[in-house]
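Have a look at the structure below, then the notes.
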Amino acid sequence: MTKHIAFFKGTCLAVLLAGAAPVLAQEVNAVTFVQAVEPQGLDPTVSSPVAAGQVTWQNVFEGLVAINREGRVVPQLATAWTISDDGLIYTFTLRDDVTFQNGVPFDASTAKFTLERILGEDSTNGQKANYTAISKVEAVDAITLVLTLSSRNSDLLYWLGYPAAVMVEPSSADTNNTAPVGTGPFKVEEWRKGDRVIMSAWDGYWGEAPALESVTARFIKDPQAQAAALQAGQVDIIGNLDAPELFDQFTRNPAYDAVVGAGEMEIVAGMNNAKPPFDDPRVRQAMMLAVDRPSLIAAVSSGYGTAIGSHFSPASPFYEDLTELFPYDPERAKALLVEAGYPDGFSFEFKVPTRTYAQRSAEILQAFFSQIGVSADIQSSDFPATWIQDVFKDTNYDMTIVGHAEPLDIGIYARDNYYFNYDNAAFRSEMEKIAAATSETERETGYRKAQEILAEDLPALFLFSYPKLGVWKAGLEGVWENGPVPANDMTDVHWVE
Amino acid sequence: MLLASLVIFLLIEAAPGDPAEIMLGTSAQPDTLAALRAELGLDRPLMVRYAHWLGGVMTGDLGQSYTYGVAVTELIAQRFTVTLPLTLMATMLAVTVSLPLGVMAAARPGKAGDGLATVFSQIGIAVPNFWIGLLLILGFAVKVRWFPPGGFPGLEAGFGAALGALVLPSIALAIPQAAVLTRVTRAAVIEVTNEDFVRTARAKGLSRRRALWRHTVPNALLPVVTMLGLQIPFLISGAVLVENVFSLPGIGTLAYQALSQRDLIVVQNVVLLFVAIVLVVNAGTDALYARLDPRLRGRR
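From first to last, the protein sequence lines are chains W and U.
Each residue of the first sequence is one higher than the one before, starting from 13 at the first, in my numbering.
Each residue of the second sequence is one higher than the one before, starting from 429 at the first, in my numbering.
Here it is in structure tokens:
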């Protein structure tokens with residue numbers, strides 16, 4: 013019942029909003045962006061990294077390196093680095109002209125503190141696993157930092173650019189969650205919990221001063237309410253509008269720029285690979301053949317999004333299109349089911365998290381599956397709380413559907429006790445090869461091979477990559493169009509006449 | 429209250445979902461989770477945590493929010509500056525609309541005024557408040573920009589701005605209340621009008637209007653006040669929905685957000701607070717009875 017009301021409310025608002033007239037009115041050097049989830053604390057190196065990073069990464073906090081809008085690693089507080097031939101020693105040269113917003117200078121010892129804090133025993137950094145290859149951190153002198161690795165890890169540099177590894181300063185580390193102190197161009201003035209974070213340009217910034225004097229992050233959960241706030245002139249940027257059906261009205265309105273960017277989130281229908289019927293790859297392949305991905309995208313996200321055949325999105329530089337391996341072919345699917353010993357089909361538990369994209373997708377998938385004689389018993393699972401416990405942790409499910417938003421996360425299929433219960437020696441060895449890669453080409457080849465293995469074996473149904481639908485007021489430039497990292501980087505944003 | 433606190437605690441603890449896992453996301457490793465659990469005190473046995481919480485509540489220390497990392501008292505106090513004016517405005521609005529409307533309807537049953545009141549109360553009861561809220565946003569915030577579509581500028585932004593942000597939400601919250609109260613007022617006034625003492629008053633030569641205001645309405649107020657008291661829990665639950673629609677940082681959004689993120693300590697305290705409010709309001713309603721009905725005063 014609630015779901016129907018929510019849907020009704022969405023439709024009504026969408027229809028009515030389409031007629032609304034926008035007005036251009038803004039303070040020239042201020043910008044307000046909106047995001048759905050309010051962070052629990054503002055320090056991306058502690059607990060919930062995603063929402064915190066969306067507010068403070070690049071704006072307030074910076075890393076040794078950064079990830080740019082193309083998804084590539086670029087220098088930031090480190091100007092250069094070398095990697096030893098065996099891939100185990102990383103030597104960074106740091107900037108010598110950087111201070112934190114509380115006046116403490118940044119040097120190799122603060123970098124050492126930051127990394128050791130992430131790796132520490134009582135660390136609550138959710139991305140810790142991506143840094144555990146580091147076995148020793150040394151500050152050789154003020155501008156030289158040396159990392160020694162216990163095993164090769166070609167992704168390490170990327171993760172050093174991620175929000176979870178931004179540089180923090182010892183005396184403010186414990187209070188960064190409420191009063192963040194970074195090295196970035198904006199400093200936090202005020203956090204009105206439940207509503208907004210207000211930032212202003214900081215005049216002690218080492219780099220080029222930003223064009224904006226003031227940046228505000230607003231937290232509005234509901235996409236309809238976000239659209240209303242944009243049209244009422246309360247916010248300037250919706251970095252990621254999570255309601256494709258509301259997007260069209262903005263594409264037709266010259267007062268706004270509406271941009272379809274590539275996002276990092278892959279929507280996949282994960283299966284319990286340890287339990288019949290999905291322990292049989294032929295059954296998994298049959299399920300994939302039953303799905304017409306373009307129709308699914310049309311119905312779930314108004315046609316925005318790209319069909320995927322493996323666990324990489326087009327936003328990744330390593331993406332390979334593998335959708336042709338198992339295209340929509342119900343007859344071939346039925347034949348595979350017969351071969352696997354299910355001539356009359358079967359029924360299974362489909363545990364669907366309470367997210368719009370998941371609920372909509374599940375209903376359409378259910379219809380596709382019924383065409384090959386498979387009956388999906390859809391059960392809603394409260395997300396995140398119940399789903400994490402029941403599906404993710406206890407793996408008490410047959411099939412589920414969820415978006416995976418982290419970049420370079422194909423390695424989850426090699427993890428022990430991950431919710432797919434997937435165990436493939438060939439894939440694991442490919443992941444080890446990637447970690448040990450000494451060149452960028454070797455790394456790229458490895459990631460392509462890994463995608464191909466999964467596309468063939470299908471531990472999950474690879475459905476589509478979710479678009480990053482950005483809407484902002486016309487006259488704003490410098491907003492990120494793609495979303496290689498979940499972020500609202502405002503450092504290059506400016507108004508033009 | 430003690431019983432309520434135990435029930436609340438056990439119910440919330442029994443809900444699936446581990447706060448540490450929700451905070452850290454799905455890529456966290458077991459040792460990181462353990463570290464966070466230890467930091468939040470979640471590694472202690474259930475009853476120890478309950479005793480700790482209860483002891484804190486007694487001394488006014490509600491503990492630290494898991495997610496925000498600040499004192500729960502501070503959070504609740506902050507959010508009350510939104511929810512309290514919102515519910516007060518809604519109640520005042522509901523009363524000022526419903527009483528005259530109900531009396532008017534009852535004064536001439538079956539006439540145009542009565543029809544109007546009936547239609548209003550039917551619609552008000554049938555339409556959920558969050559939907560009214562959405563319509564108000566579209567009408568008065570997006571189409572004509574008289575009021576903001578949501579958010580709360582804070583009392584620092586000035587009294588006018590803060591009040592402006594609460595106008596649409598309090599209307600959305602008030603309409604269902606007013607609808608119920610109109611209906612109750614109408615019924616109560618009609619019932620009292622048929623009583624002997626009103627007929628006597630009319631027989632003594634009082635005009636219809638004087639008899640209505642002098643004798644009928646004061647006597648009809650009792651069920652209205654009862655209903656007003658009974659409506660308070662609905663007002664609170666309505667505030668949860670309306671605050672979410674208008675993205676207002678009030679107690680309702682706090683409760684909703686804390687529940688979905690399993691910030692259990694915040695949920696426990698907010699629910700306990702709701703229980704306390706309902707108890708206080710009930711006691712207040714009883715006290716008001718005594719003032720309105722001299723017979724009850726005599727009995728005490």
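Note that CB positions come from ideal geometry on N, CA and C, so glycine has one too.
Nearest to residue i by alpha carbon, out of the options?
i, options, result
"Leu-224/W", "Met-211/W, Ile-232/W and Trp-218/W", "Met-211/W"
"Ala-607/U", "Ala-533/U, Ile-618/U, Gly-678/U and Asn-672/U", "Ala-533/U"
"Thr-460/U", "Leu-159/W, Arg-129/W, Pro-51/W and Gly-115/W", "Arg-129/W"
"Arg-204/W", "Pro-51/W, Ala-237/W, Ile-446/W and Gly-216/W", "Pro-51/W"
"Asp-167/W", "Val-85/W, Gln-383/W and Tyr-425/W", "Val-85/W"
"Asp-542/U", "Ala-615/U, Leu-470/U and Gln-696/U", "Ala-615/U"
"Asn-142/W", "Leu-420/W, Ile-79/W and Ile-155/W", "Leu-420/W"
Quick check: the Cα distance between residue i and residue j, rounded to an integer number of angstroms?
i, j, result
"Gln-605/U", "Val-227/W", "40 Å"
"Gly-275/W", "Ile-250/W", "14 Å"
"Gln-10/W", "Ser-322/W", "Since the first residue of chain W shown is 13 and the last is 509, residue 10/W is not available in this structure."
"Ala-397/W", "Leu-687/U", "9 Å"
"Leu-301/W", "Ala-486/W", "43 Å"
"Val-152/W", "Ala-120/W", "8 Å"
"Ser-549/U", "Ala-213/W", "52 Å"
"Gly-552/U", "Gly-561/U", "12 Å"
"Tyr-478/W", "Pro-235/W", "15 Å"
"Tyr-316/W", "Ala-472/W", "21 Å"
"Ala-683/U", "Val-116/W", "39 Å"
"Pro-447/U", "Phe-395/W", "13 Å"
"Arg-642/U", "Gln-659/U", "27 Å"
"Thr-450/W", "Pro-326/W", "24 Å"
"Arg-638/U", "Val-531/U", "13 Å"
"Tyr-170/W", "Ala-92/W", "14 Å"
"Leu-348/W", "Glu-671/U", "52 Å"
"Phe-558/U", "Leu-439/U", "27 Å"
"Gly-132/W", "Arg-294/W", "44 Å"
"Thr-612/U", "Met-655/U", "In the sequence on display, residue 612/U carries Val and not Thr. The alpha-carbon atoms of Val-612/U and Met-655/U are separated by roughly 8 Å."
"Phe-360/W", "Leu-100/W", "47 Å"
"Trp-69/W", "Leu-161/W", "26 Å"
"Ala-33/W", "Gly-712/U", "Residue confidence for Ala-33/W is low, a pLDDT of 35 falling below 50, so the modelled location carries little weight and cannot support an answer."
"Ala-466/U", "Val-280/W", "33 Å"
"Asn-41/W", "His-506/W", "7 Å"
By Cβ distance, which residues of its chain are closer than 8 Å to residue i, with the 5 residues on each side in sequence left out?
i, result
"Pro-646/U", "Leu-720"
"Leu-452/U", "Thr-460, Leu-461 and Leu-464"
"Val-180/W", "Asp-55, Thr-57, Phe-73, Thr-122, Phe-125, Thr-126, Arg-129, Asn-188, Val-193 and Gly-194"
Between residue i and the rest of its own chain, which residues show a CB-CB distance below 7 Å, the 5 nearest in sequence each way excluded?
i, result
"Val-58/W", "Thr-136, Asn-137 and Asn-189"
"Glu-493/W", "Val-271, Gly-273 and Gly-482"
"Asp-504/W", "Gly-490"
"Phe-568/U", "Trp-574, Phe-575 and Leu-596"
"Asn-165/W", "Ala-145 and Ala-447"
"Thr-335/W", "Arg-305, Ala-319, Ile-320 and Gly-321"
At a CB-CB cut-off below 8 Å, which residues of chain U make contact with residue i?
i, result
"Glu-278/W", "Within chain U, no residue comes near Glu-278/W; the closest Cβ sits about 14 Å away, beyond 8 Å."
Would you mind telling me which residues of chain W sit closer than 7 Å to residue i, beta carbon to beta carbon, in chain order?
i, result
"Pro-576/U", "Ala-244 and Gln-246"
"Ala-569/U", "Ala-240 and Ala-244"
"Gly-582/U", "Arg-204"
Going by beta carbon distance, what residues of the same chain come within less than 6 Å of residue i, once the five residues before and after it are set aside?
i, result
"Ile-95/W", "Tyr-102"
"Val-694/U", "Ser-493, Val-500 and Ala-686"
"Phe-262/W", "Tyr-268, Ala-270 and Val-483"
"Val-525/U", "Ala-606"
"Thr-495/U", "Gln-689 and Asp-691"
"Thr-487/U", "none"
Given 7 Å as the limit, tell me if residue i has its C-beta closer than that to any heavy atom belonging to the ligand NAP.
i, result
"Phe-381/W", "The ligand NAP is not part of this structure, which contains no ligands at all."
Can you confirm whether residue i, when its beta carbon is compared against all beta carbons of chain U, has any partner nearer than 8 Å?
i, result
"Ser-184/W", "no"
"Ile-146/W", "no"
"Thr-190/W", "yes"
Applying a beta-carbon distance threshold of less than 9 Å, which residues of chain U neighbour residue i?
i, result
"Ala-141/W", "Ser-455, Ala-456, Gln-457 and Thr-460"
"Val-62/W", "Gly-453"
Does the beta carbon of residue i come closer than 8 Å to any beta carbon on chain W?
i, result
"Gln-506/U", "yes"
"Phe-662/U", "no"
"Val-498/U", "yes"
"Ser-688/U", "yes"
"Leu-601/U", "no"
In chain W, what lies closer than 8 Å to residue i by C-beta?
i, result
"Gly-579/U", "Asp-207, Arg-208, Arg-230, Ile-232, Ala-241 and Gln-246"
"Pro-677/U", "Arg-204, Lys-205, Gly-206 and Asp-207"
Please list, in chain order, the chain W residues whose beta carbon lies closer than 9 Å to that of residue i.
i, result
"Asp-446/U", "Ala-397, Ile-400, Gln-401 and Lys-405"
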